[in-house]
Amino acid sequence: MVITICGSIKFYDEMLNAKVQLEKLGHKVLIPGKAQDVDYWEKDNTKRVEAKKKFEFISEHMDKIENSDAILVVNITKKDIKNYIGANTFLEMGFAHYRKKKIFTLNPLPD
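Taking this note's numbering, the leading residue of the sequence shown gets 103, the next gets one more, and so forth.
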């Protein structure tokens, strides 16, 4: 199965871990693009927004979802929000649903 991992880029290490685990099970796994020179934890998100535009990360990730059988949402605690799903991830989930892809979440959906 081809699986695209979705979630906040701040969970990138967790995404890489999930990728390794899924590949061990025989799946082909795609992950979001990430700019190497951007601090994703910095409060000022100017560089993060510029990188998204420059590298077309959002469009590229939607293409990955389109070419996948399923998505896995890495939804873990972020800023005291349990099983966090942000705006972009929610958009990706909606797109996957529209394209009739299977949607899996690492943790239960938040209330």
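From the three backbone atoms N, C-alpha and C, an ideal C-beta is built for every residue, glycine too.
- A residue is called buried when at least 16 other Cβ atoms come within 10 angstroms of its Cβ; Glu194 meets this threshold and is buried.
- Nearest to Thr106 by alpha-carbon distance, out of Asn119, Val175, Gln123 and Val122, is Val175.
- For Leu211, there is no enclosing alpha helix (DSSP H), since its DSSP letter is neither H nor E.
- Counting along the chain, the unbroken beta strand (DSSP E) around Val131 starts and ends at Lys130 to Leu132.
- Using a 10 angstroms sphere on the CB of Met103, the tally of other CB atoms stays under 16, which defines it as exposed.
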